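Chains as they are written, first to last, in our numbering: chain G, 1 to 267; chain C, 1001 to 1267.
Quick look at the structure:
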């Protein structure tokens, strides 16, 4: 059976198969070698993710698990005040939850390579701009539909409530705590990790270059995640894994069965 | 267990998780509903694909198969003369091979939606241009490495042999035979099909707009495949499939377990 790489995380994982996404890029380079399985849950924090852990990684599964990326924290780090409160998870619990995930996965698949990825840096101004642009767009649509002025105002208020800038960390202070927690835990458990928070900030203009709305990734931001994860996977020998079936250039047109007998004795 | 969509085909399927690819786009829109499984085999014709059919679609598999796309023909349609000969499969055998694939899949998964996709139109001039550009690129690299002139000439000859324009149908004549075969077979078996060959040629400038090298797809070409396949899947109700786990907005922060008990009684 073909090995699997499971991508477990929040919206940044869920969106990783969009155009230019890091998940799709992994599926592409490991095609015919490993299956990349998408398990991203938009809006989830580590506390909620624990509820689904057993079903995503059932113990005693026959599927060989080559690797797992665990990529949470952006929602856990939401501010305690306002709408972010329901998603917020204190940093100590965040670290404990990550530890539980790793232990569960390792108990079922001791040889799986588990990689912890920190949340990206967040650009508060970028998130405000994004919320404003969505608001303007929706207002325009409302006005084009010629709704009663009172309805427009009311709807506008509701929209603003719904999409106002996320009550996530002002500046980077809070995020700073979640990122090292994740890296420290990886070191403590002897796991590889990607410090995305630091890595992205090495590049000038990371706010617009890597983030589309102050939080989610542009294609360039996806490329950073892809490149960092592939480094770890390739160090573990993933690119040297054999093809599932013969390359077409190794097939003898007169006796194609030969190539398949070699590669898959069961044929 | 989560249903699967298996994409079975040649290089146009294998490359479908590249940036802008139709396979990745399917994985994205059906995320949290269906797993999209990549089974693309560059250079394969239908004859060779039959050797791996049993392993890709094992009978008695517990995995629920929601759908399969079968997307072969570009290699089968290679010209009988020259290097294409080894990939060429006569059109009657091509049709028989497709029929065997459908019968095998349906015998294991009677409810699976099987979709036949015809090869795209081929732009012979585009393939020549591509081959020339690769050749020039490789020559430049050779010259930069300052090889002996004799080696450069020899290597150049070999390169040209290796990458000269594919001996695939001059013009569209041959392809015309494979495309209706695939569509007729789908009709005969009561299956949905995508007549990509005709669909793409409805757009002026399809040669450059949809094809990157006269055969493989640009992001715009990928978008055509995606759009046609999604139409069929959505007609079958795929977009109405439920999420695997609750939406984050349905989770009560004080009692998160409630949402998970509803959605996954086993928790």
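By construction, the Cβ of each residue, glycine as well, lies at the ideal position given by its N, Cα and C atoms.
Bear in mind the structure is a predicted one, so any value in this text is a computation, not a measurement.
- In the displayed model, residue 5/G falls within a strand according to three-state DSSP.
- From the listed residues 33/G, 115/G, 110/G and 20/G, the smallest Cα separation to residue 9/G is found for 115/G.
- Contacts between residue 48/G and chain C, judged by CB atoms closer than 9 Å, involve 1245, 1246, 1248, 1251, 1256, 1259 and 1260 in chain order.
- For residue 140/G and residue 132/G, the gap between their C-alpha atoms comes out near 12 Å.
- Contacts with chain C at 8 Å (Cβ-Cβ) do not include residue 238/G.
- Neighbours of residue 1028/C in chain G, taken as residues whose beta carbon is under 7 Å from its own, are 17 and 18 in chain order.
- For residue 1046/C, the enclosing alpha helix (DSSP H) has its first and last residue at 1046 to 1056.
- Our two residues, residue 1125/C and residue 1182/C, have alpha carbons roughly 25 Å apart in a direct line.
- Residue range 1065 to 1071 is occupied by the beta strand (DSSP E) that includes residue 1069/C.
- Contact annotation: residue 1214/C and residue 1076/C have beta-carbon atoms that are not nearer than 8 Å.
- In the three-state DSSP reduction, residue 1037/C falls in the strand class (E or B).
- Within the segment 66 to 79 of chain G, contact with chain C at the beta-carbon level (separation under 9 Å) is assigned to 75.
- Going by beta carbons, residue 89/G and residue 118/G fall outside the 8 Å limit.
- The alpha-carbon separation between residue 1035/C and residue 1144/C amounts to approximately 46 Å.
- Counting only residues of its own chain and dropping the five nearest sequence neighbours on each side, residue 21/G has a CB closer than 7 Å to the CB of 15 and 222.
- Cβ contact annotation for residue 1109/C (same chain, cutoff 7 Å, sequence separation greater than five): 1065, in chain order.
- One finds 27 and 31 in chain G with Cβ atoms closer than 7 Å to the Cβ of residue 1038/C, taken in chain order.
- Contact between residue 1071/C and residue 1012/C holds: CB atoms are separated by about 6 Å, below the 8 Å threshold.
- It is roughly 38 Å from the alpha-carbon of residue 237/G to the alpha-carbon of residue 1103/C.
- Between residue 26/G and residue 229/G, the CB-CB gap stays under 8 Å.
- Close to residue 1131/C, with beta-carbon spacing below 7 Å, lies no residue of chain G; the smallest spacing is near 17 Å.
- Going by C-alpha positions, residue 1067/C is about 37 Å away from residue 192/G.
- Residue 1115/C is bridged by DSSP to 1069/C.
- Nearest neighbour of residue 1187/C by Cα position, chosen from 1252/C, 1098/C, 1217/C and 1203/C, turns out to be 1098/C.
- Residue 1241/C sits close to residue 1033/C, with the two beta carbons spaced by under 8 Å.
- No Cβ of chain G is located within less than 8 Å of the beta carbon of residue 1108/C.
- Residues of chain G with a Cβ closer than 8 Å to the Cβ of residue 1127/C do not exist, since the nearest Cβ in that chain sits about 17 Å away.
- Uninterrupted alpha helix (DSSP H) stretches at least 4 residues long and entirely within the segment 1172 to 1243 of chain C occur at 1173 to 1189, 1196 to 1201, 1206 to 1209 and 1219 to 1235, given in chain order.
- When the beta-carbon positions are compared, residue 1041/C and residue 1094/C stay at least 8 Å from each other.
- The beta carbon of residue 52/G falls within 8 Å of a beta carbon belonging to chain C, placing the residue at that interface.
- Residue 1021/C has a beta carbon lying within less than 8 Å of a beta carbon in chain G.
- Between the beta-carbon of residue 38/G and that of residue 1031/C there is about 5 Å, and that keeps the pair under the 8 Å contact cut.
- Interface residue (Cβ-Cβ distance to chain G less than 8 Å): residue 1096/C is not classified as such.
- With a 10 Å radius around the Cβ and a threshold of 16 neighbouring Cβ atoms, residue 78/G comes out buried.
- With respect to chain G, the C-beta atom of residue 1227/C has no partner C-beta closer than 8 Å.
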